[in-house]
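Protein chains: 2
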Amino acid sequence: MQEPSRAREAFRGGLRAPTSGCCPGWTQANLISLPHEFAYDFLLFAQRNPKSCPVLDVTEPGETSASIFAGDLRTDLPAYTVYRDGELVEERTEVTELWRADLVSFLVGCSFTFEAALLEAGVPVRHVETGGNVPMFRTNRDCRPAGRLAGPMVVSMRPIPAEQVATAVRVTSRYPAVHGAPVHIGDPGALGIADLGTPDFGEPVRVEPGEVPVFWACGVTPQAAVMRSRPPFAIGHAPGHMAITDARDSDYLVP
Amino acid sequence: MQEPSRAREAFRGGLRAPTSGCCPGWTQANLISLPHEFAYDFLLFAQRNPKSCPVLDVTEPGETSASIFAGDLRTDLPAYTVYRDGELVEERTEVTELWRADLVSFLVGCSFTFEAALLEAGVPVRHVETGGNVPMFRTNRDCRPAGRLAGPMVVSMRPIPAEQVATAVRVTSRYPAVHGAPVHIGDPGALGIADLGTPDFGEPVRVEPGEVPVFWACGVTPQAAVMRSRPPFAIGHAPGHMAITDARDSDYLVP
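Spelled out as structure tokens, the structure:
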């Protein structure tokens with residue numbers, strides 16, 4: 667699938683698959699929908715943690731599309747998470763019946779956006795090669811809290827050949843709106859990650875000899891904040907199962 | 667004055683002067699303080715108009731300093747504007763007695779931040795040469811509204827020699843957090859500006875033969891939104907009389 671509208675149609679029809687590598691050139695986004703009374707806290711949380719939570723778009727309360735997303739936010743992602751009082755109560759492929767008029771939806775930049783640029787620069791992306799989901803980990807680094815929201819920074823990990831780490835930094839630095847440069851390169855232990863083989867979200871990938879684990883801030887961070895801060899209700903995307911927007915990656919490229 | 671704390675001390679003592687060229691290398695910021703009930707609308711307005719309103723910091727309600735501003739927001743700017751129901755009711759050199767426990771203060775990036783980089787690249791900055799204030803203009807371009815806030819984009823203008831306009835674009839593009847690249851180059855009429863000699867804020871500057879007027883989004887935009895949208899109370903900086911922060915220009919430089 668090359669076109670966002672076609673991909674969204676397929677997901678609306680029930681296809682459930684991670685979106686890494688889907689619709690190259692089109693920006694993918696994390697979703698977090700919160701009751702309006704939490705919207706200011708979240709927007710401030712995002713302002714204070716811009717590497718983890720680069721906000722690309724915000725809806726009006728109850729709105730089901732967004733300026734960069736012409737589809738239906740309730741059905742057009744491949745999978746959703748539903749939280750009540752911070753507990754993940756279910757994963758679903760649509761959330762139409764759970765939708766509420768007071769939900770404000772935030773689309774947050776996703777590192778899948780810069781993977782096409784990494785590949786173009788000759789940097790391999792393991793989970794794209796294998797057709798799986800990226801591994802994601804909660805870290806021991808706390809975000810700056812905002813109002814009632816606090817939580818750990820979540821990161822995605824890509825193993826990069828040592829001689830190409832600098833290229834990966836350079837390429838991704840040019841996409842600050844989709845997490846930008848890595849937040850950590852090397853030793854997972856320094857982030858409080860005990861085992862790269864058991865990610866908190868997504869799927870594990872091999873780290874080959876000569877490769878360095880490289881960590882980028884991840885847009886699952888808002889969901890980790892929901893789990894810790896326990897707002898009464900929230901909807902997110904299932905990690906790795908993103909909103910395919912109508913914005914182009916190049917819209918977020920800095921010179 | 668080279669150090670932010672010394673500059674703030676002088677302003678606290680009553681010095682009233684535009685801050686362009688002050689404390690080179692240290693980031694300057696626009697101030698807008700609004701009642702808490704308008705804070706979400708403003709943060710959303712900023713998210714929707716990032717060229718005009720790049721938010722660098724947000725205080726808790728009533729707080730008088732900020733994470734990037736160790737001084738006192740009520741006294742340490744050279745001059746303030748006070749709005750009631752959208753009317754500019756006074757300009758003052760301190761606002762201690764007007765301060766309210768419900769005021770949320772936003773520090774918004776200022777294009778003075780990239781002037782040192784322009785000068786370093788050999789691009790002349792006329793109002794720095796003359797020691798005056800930058801000319802600022804309301805435009806005919808409306809910002810994207812957010813909640814109860816709407817208003818025109820405000821721009822600052824710098825005349826740049828035609829052969830150096832590309833350099834000015836390149837240099838300022840690297841500072842997206844302080845307005846970044848110009849929003850318009852050339853014909854003032856296209857922005858609805860009838861006469862470059864009569865700016866809405868600041869002071870006029872000469873445009874010499876061979877120079878092109880170049881326009882950057884300006885952090886006075888929030889005050890133009892206050893004037894149009896009429897919240898009951900707001901405090902701003904007097905245009906050109908900025909908050910000198912403890913952040914370094916290099917903190918906002920993208921690679």
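Those sequence lines, one after another, are chains C and R. The numbering of the first sequence is our numbering, which starts it at 667 and goes up by one. The numbering of the second sequence is our numbering, which starts it at 667 and goes up by one. For glycine and all other residues, C-beta sits at the position ideal for the given N, C-alpha and C.
- In this structure, the alpha-carbon of residue 829 of chain R lies about 22 Å from that of residue 821 of chain R.
- Of the candidates R:859, R:674 and R:726, R:859 places its Cα closest to the Cα of residue 819 of chain R.
- For residue 694 of chain R, the enclosing beta strand (DSSP E) begins and ends at 692 to 701.
- In its chain, beyond the 5 residues on either side, 667, 688, 689 and 910 have a beta carbon closer than 7 Å to the beta carbon of residue 673 of chain C.
- By the Cβ rule, the segment 743 to 755 of chain C does not count as touching the segment 793 to 807 of chain C, because fewer than three pairs are nearer than 8 Å.
- Distance from the CA atom of residue 763 of chain R to the CA atom of residue 772 of chain R, rounded to whole angstroms, is 19 Å.
- Excluding sequence positions up to five before and after residue 895 of chain C, its CB lies within less than 7 Å of the CB of 752, 814, 815, 816 and 817, all in the same chain and listed in chain order.
- The beta carbon of residue 800 of chain R does not come within 7 Å of any beta carbon belonging to chain C, so the residue lies off that interface.
- In the displayed model, residue 723 of chain C falls within a strand according to three-state DSSP.
- Between the C-alpha atoms of residue 738 of chain C and residue 730 of chain C there is a straight-line separation of about 5 Å.
- Only buried fits residue 781 of chain R, as 16 or more other CB atoms lie within 10 angstroms of its CB.
- Counting only the Cα atoms, residue 683 of chain C lies some 24 Å from residue 891 of chain C.
- In the structure shown, residue 681 of chain C falls within a coil segment according to DSSP collapsed to helix, strand and coil.
- Residue 710 of chain R places its beta carbon less than 7 Å from that of residue 724 of chain C.
- Excluding residues up to 5 positions away in sequence, 685, 686, 694 and 908 lie with their Cβ nearer than 7 Å to the Cβ of residue 778 of chain C in the same chain.
- Restricting attention to C:808, C:839, C:848 and C:804, the CA atom closest to the CA of residue 824 of chain C is found in C:848.
- With distances taken between CA atoms, residue 719 of chain C lies nearest to C:776 out of C:765, C:865, C:867 and C:776.
- Per DSSP, residue 879 of chain R is one residue of the beta strand (DSSP E) stretching across 877 to 883.
- One finds 709, 721 and 724 in chain C with Cβ atoms closer than 8 Å to the Cβ of residue 713 of chain R, taken in chain order.
- Interface residue (Cβ-Cβ distance to chain C less than 7 Å): residue 749 of chain R is not classified as such.
- Close to residue 842 of chain R, with beta-carbon spacing below 8 Å, are these residues of chain C in chain order: 842 and 920.
- In the DSSP assignment, residue 749 of chain R falls within the beta strand (DSSP E) that extends over 746 to 750.
- Residue 852 of chain R sits close to residue 878 of chain R, with the two beta carbons spaced by under 7 Å.
- Interface annotation, residue 746 of chain C: not in contact with chain R, CB-CB separation never under 7 Å.
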